[in-house]
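Residue numbers (my numbering), protein chains in the order written: chain U, 1 to 355; chain V, 356 to 710; chain Y, 711 to 1065; chain A, 1066 to 1420.
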């Protein structure tokens, strides 16, 4: 049994981790660490845990946490905050899966530019292993410290990588139009996240300048340069990314526009995806059918669909994931499974909750 | 392993049964029977089953179904239709859990009056065992044919029974104000179920005359008369029931108003509930806290809260269930577990999906 | 032309007042007073006013406001705060319509008990005129200071008054089960008002102890004792009130349960309502049809429907209003029209916005 | 006073026309024609018209309609159906504003290719005047027959035209990612429009092949070739258009990606928009701020925002409209005002209904 603890347990990502881990057959949940809710009973903060294995857990403060008693720590802290705490905790020798943006870039300069904060632990950033499971499984297996990807980034990369891998599309003119449910913004008290401000409406935010732009672009460039296999390409990726907020609780849909280098066809593209994802358990490639959030919300699956437009020689790729699962906690558990050498879908077999 | 089949597999209750059963560790799903979708692949009708154990299932027609090859049949057909089919299927000797209203009344006259149809199989109705697990576990254990309760009925009875059991409240003036998500209406094509007609609005329907009124009242009277234990009361239950449609997908909240026979207190009432439900796994009694649909949606739990009003000597009981789970498919699986002598929460341990 | 100003202009009630008043053919909006947004341009706080007459307005602080330059002030402040400010402003001689709970009770003791604050201006509370237009039109005509009713209270009283007026129902056992959209809670930053916490769920709150309980009961008792006409009844009203939060933006639906004193019928009850509301422009009595929020959201109408239950001799009344309109700003404008002797529906003729 | 009638009165566009027209100070509504609801009272089909001027209207069949008694007919029929009926009605000499796609293309071949039906009245299509008011006001003034634009088309063209007009962007690589509320799909009974299928989810549909693609492209090409002014460009427009369904009732948001021909800046682009729209009452150009559906839903306004991305020399344009208003009925009334020489915003001054 794997003993796990969660730091930042009472954010939305934290509780999603708990929901998954308390039913994972090979996990024992050790400590739940929360600054704002320390010493409270978990069920008094989140009543849905009544009747679960966590029913009688009490949240503890970080200073009362002994990291060395756990086999794995999930750090579900905000970026900036995670830097210091994760780099402290790793000294205990316990493995960490970090959910923040702090350790996703080996190149600190890009991080500092897009996040607008100084990075105080560049050496840890350098050795952190990027946790997009389907891309980086081999390194994840042996990692000490895993940087779990951003939600938008996971949805985008899963859709783009096969097309870049096969050299079918131009890498410098990728457009990603992304739509996310409101849970992606966390539980922070902002007036623009109130029900009355979000319901029955929609908006774009941070066009071209959202931090996940830089993460998508950075990983694509690492990929082109051979960080994830033996390739070495001269090409550089450049992406334009616009996120939108939609009035749903969970789910991301990205619509990606790519220019083909040559004529193609729906059947060729389907083959490329099939080849790339082969036996992947959590990536579904659809043919003559489009993904929809309700088909995967509540599950760890990503669904990919696409349409080749003969008129303009472009491919429209549509990907959907549950931002709380494949976009955050689900992928973190998937990475944990890889790390501890157990079946990758252990504890992650749920089908979407529909209706 | 229990071999189960589902008749009426592609209605909302049918797919919820599949969602639960494909992950149940002691179940093998045998046949999925659907009239409207026979010969189609399940994933072409409900894409969320891609990646599940049911991925390669094909729906079959009733005439191609051999009931004797299953250990248990879930019949998820509409009332009226279920009458004939369930009474045919039971002849195979296979046990049945019937989800319709057709077999919930031993007294056929009440059924015929409220459902407005003739009952052609009164002998089967007589021997059907009512499937409110917490009320009728002993009979369910040995049943051949289980009539699974209505969704509103489950939410209402769980809230009312302990107060009647303890003789604290008047039985002839119970008012139930119930609110249900739209999935309760099924997948039928009616203009009043369109998104644009249901979103951002609310309405009452069938006040005082909804069929579930009669079921609640009937079971309460059976209870008073000793059908479920050794009691024998002179009292008669009379309820007034008003359902409402709310713009959510799943979940029922009932607000029940009961007149006390004498002064009481919140702490006395809490004790009554605690005593009544004792070690029940799926009923949670809250103290100084009110139930909320999000705390149980996606789980098989019922949550009960209450408030004693000293000014008017009334008790306000609030109960919430997920209409697809404890209100339908979840309770059916719970009954299956009882019937086959396995742990009652096997396959039903999921925590609410929140956010 | 009537010169009006709004104090507390940037709360939800304030902006609804502006939306209505900027299109009112006999109104000039003078000053918009806001503490939190003073000196900001209105369109920078609420962009929907771009393109309206208010496009170039700047919000001002209370200390820069000259009340005597307006003919009427709408005070849309929270209770407690309104007490002091309204009682200061009234000294200018300008008429006031106050939207808070501070001046709705002539009997200060009831206010202090239910609101839990001291009332520092009982003399003003005494002379304030209660602004349920259909009940109190004659006094409103000549008022100096109008206390606009609560939203739940308006929906409840409109449904109950005709039945009490005709002495058909018992006054001491009225049960009101009310459901409100989230805008009723205002724009305050509370985590339970976040989209992710309110969407796709429902809950009850403050059962039996919500402040509007006391207002409904108080006005009913005033009515019985002849405060609004020449009657003088020995009866006392006692109500039990449970509000619920539903995931819609605007709209209230109340389901009211009343015990009849004698046998009645749907047609008798319809006549009572018709007689009571006669030529009222904003109250619609439905026959053989139930009200629905979407039929009135965005309009100042109240819709009333009902069902007489022969089995239990009870009447179920269902009323719907838009909490922002007939429940707040719309009724305030209606009262302004009465006060200034212009057609009661001036500026209020909008039909519900559907879909 | 203008006497108007509506054919296809009980579709969603029809009832939105009624909502607007019954409050228009210079309009008398004459006949409401409906095939499916002929002889019914309007309020029995749409209860929200209770209390309005239309309260006592009865819907009539087409064969009982005398078109010559009206000054203007709004035809709100589906495409295909509208062809025959509008071309019959125009013979009466009464002016028509047609809401369908049938007469939006002077070039019948494009229509036939994208709509998949034969056009039986090419001569009427030739003389129909395209009703994007801001583009074509001069011709609308003198029109006999106006083809009102598609909803997606209006949102897209308003965002794109100023940039093409100023020759800043490439015309052959425009990408439009559009999102629409469900009312855009009308009231037809399709299972994918049920609440339970649309709520809390999102999907793309018809990528690259939606009919509105062809309309956007066709009008842009007409514009480039000088159909709307004296220009004559060699350039051809080519657009790639992907619509999505979002769980809101009304509203469209389009995110448009355009390649610049040269370096630009946010301030230059703002000037271009300002110059192009000058004194337009219904088009709002935002600076340093992004449009949001809630700011215009319930109003006839379009809001435009944009972001120049220096990294990729692209412009991201975001436009929002209410699909029922500026996207359909509102623009039709705007065109009626132009046609009859009255103030363009008569009857259209409503501010967005928020919250």
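All C-beta atoms in this analysis are idealised placements derived from N, C-alpha and C, irrespective of residue type, glycine included.
Member of 1332/A, 1324/A, 1350/A whose CA lies at the smallest distance from the CA of residue 1232/A = Taking only the C-alpha atoms, the option nearest residue 1232/A is 1324/A.
Within the stretch 863–888 of chain Y, note down every full beta strand (DSSP E) run reaching 3 residues or more, in order along the chain.
-> DSSP runs (the beta strand (DSSP E)) wholly in the stretch 863–888 of chain Y: none.
Residue 1023/Y versus residue 972/Y - alpha carbon distance | Looking at the backbone, the Cα of residue 1023/Y and that of residue 972/Y are separated by about 8 Å.
Three-state secondary structure (DSSP) of residue 462/V | Coil at residue 462/V, not helix or strand.
Below 7 Å CB to CB, which residues in the same chain sit around residue 1170/A once its five sequence neighbours on both sides are set aside?
-> The residues 1176, 1190, 1283, in chain order, have a CB closer than 7 Å to that of residue 1170/A in the same chain once the five nearest residues on each side in sequence are set aside.
If you draw a straight line from the alpha carbon of residue 901/Y to that of residue 185/U, how long is it in whole angstroms?
-> Each residue's Cα considered, the two are about 13 Å apart.
Start and end of the alpha helix (DSSP H) containing residue 367/V?
-> Where residue 367/V is concerned, the enclosing alpha helix (DSSP H) stretches over 367–376.
Along chain V, which residues have their Cβ under 7 Å away from the Cβ of residue 957/Y?
-> For residue 957/Y, the chain V residues whose C-beta falls within less than 7 Å of its own C-beta are 602, 603, listed in chain order.
Residue 204/U, DSSP secondary structure in three states | Three-state DSSP puts residue 204/U in a strand.
Mind pulling the alpha helix (DSSP H) runs of 4 or more residues that sit fully within the stretch 319–353 of chain U?
-> Within the stretch 319–353 of chain U, the runs of alpha helix (DSSP H) that reach at least 4 residues and sit entirely inside it are, in chain order, 330–339.
Let me know the secondary structure DSSP gives residue 244/U once reduced to three states.
-> In the structure shown, residue 244/U sits in a strand (DSSP, three-state: E or B).
Should residue 921/Y be labelled buried (16 or more other beta-carbon atoms within 10 Å of its own) or exposed?
-> Residue 921/Y counts as buried, since no fewer than 16 other beta carbons sit within 10 angstroms of its beta carbon.
Taking three-plus beta-carbon pairs below 8 Å as touching, is the stretch 988–997 of chain Y in contact with the stretch 518–533 of chain V?
-> When C-beta atoms of the stretch 988–997 of chain Y are compared with those of the stretch 518–533 of chain V, fewer than three pairs fall below 8 Å, so the two segments do not count as touching.
For residue 321/U, which residues of its own chain have a beta-carbon under 7 Å away from its beta-carbon, when the five flanking residues on both sides are left out?
-> Short of 7 Å from the beta carbon of residue 321/U, and not among the five residues preceding or following it, lie these beta carbons of its own chain, in chain order: 154, 155, 252, 296, 302, 327.
Just checking my contact of residue 429/V with residue 361/V at CB under 8 Å: how many whole Å lie between their CB atoms?
-> So it is a contact: roughly 5 Å between Cβ atoms.
For the alpha helix (DSSP H) holding residue 1335/A, just list the boundary residues, first then last.
-> Annotation for residue 1335/A: the continuous alpha helix (DSSP H) segment containing it runs 1331–1342.
Does the Cβ-Cβ distance between residue 728/Y and residue 1042/Y come in under 8 Å?
-> The answer is no: Cβ separation not under 8 Å.
C-beta neighbour in chain V for residue 1022/Y, strict 8 Å = Yes, its Cβ sits closer than 8 Å to a Cβ of chain V.
Backbone secondary structure at residue 1122/A - three-state DSSP | Coil, per DSSP.
Going along chain C in order, which residues have a C-beta closer than 8 Å to the C-beta of residue 722/Y?
-> Chain labels in this structure do not include chain C; the protein chains are U, V, Y and A.
By Cβ distance, which residues of its chain are closer than 6 Å to residue 1050/Y, with the 5 residues on each side in sequence left out?
-> The answer, listed in chain order, is 712.
Members of the stretch 192–219 of chain U near chain Y, C-beta cut-off 9 Å = Residues passing the 9 Å Cβ filter: 193, 194, 195, 196, 197, 198, 199, 200.
In or out: residue 1296/A buried (at least 16 other Cβ within 10 Å) or exposed?
-> So residue 1296/A counts as exposed.
Pull out every residue of the stretch 1345–1376 of chain A whose Cβ sits closer than 9 Å to any Cβ of chain U, in chain order.
-> Answer in chain order: 1355, 1356, 1357, 1358, 1359, 1360, 1362, 1370, 1371, 1372, 1373, 1374, 1375, 1376.
Which whole-angstrom value describes the C-beta separation of residue 1252/A and residue 1145/A, a residue pair presumed to lie in contact below a C-beta threshold of 8 Å?
-> No, residue 1252/A and residue 1145/A are not in contact; Cβ-Cβ is about 17 Å, not under 8 Å.
With respect to the alpha helix (DSSP H) encompassing residue 794/Y, which residues constitute its N-terminal and C-terminal limits?
-> Residues 791–799.
Does the stretch 1099–1113 of chain A come close enough to the stretch 1121–1130 of chain A that 3 or more CB-CB pairs lie under 8 Å?
-> At 8 Å Cβ cutoff, the stretches touch.
Is residue 532/V close to chain Y, meaning its C-beta is less than 8 Å from at least one C-beta of that chain?
-> True, the Cβ-Cβ gap to chain Y drops below 8 Å.
Nearest-angstrom Cα distance between residue 535/V and residue 568/V?
-> Taking the straight line from one Cα to the other gives about 15 Å.
Simplified DSSP assignment, three categories, for residue 302/U = Reduced to three states, the DSSP call for residue 302/U is strand.
Flag this pair as touching only if the stretch 1255–1272 of chain A and the stretch 1203–1218 of chain A have three or more C-beta atom pairs under 8 Å; answer yes or no.
-> Touching, no.
Can you find a C-beta in chain Y that's less than 8 Å from the C-beta of residue 182/U?
-> Nearest CB-CB separation between residue 182/U and chain Y: below the 8 Å threshold.
Flag this pair as yes or no: are the beta carbons of residue 1321/A and residue 1215/A separated by less than 8 Å?
-> Going by C-beta atoms, residue 1321/A is not nearer than 8 Å to residue 1215/A.
Can a CB atom of chain U be found closer than 8 Å to the CB of residue 899/Y?
-> Yes, residue 899/Y counts as interfacial toward chain U.
Using a Cβ-Cβ cut-off of 8 Å, state whether residue 251/U counts as contacting chain A.
-> It does: the Cβ of residue 251/U has a partner Cβ on chain A nearer than 8 Å.
Put residue 31/U into one of helix, strand or coil per three-state DSSP.
-> In the structure shown, residue 31/U falls within a strand segment according to DSSP collapsed to helix, strand and coil.
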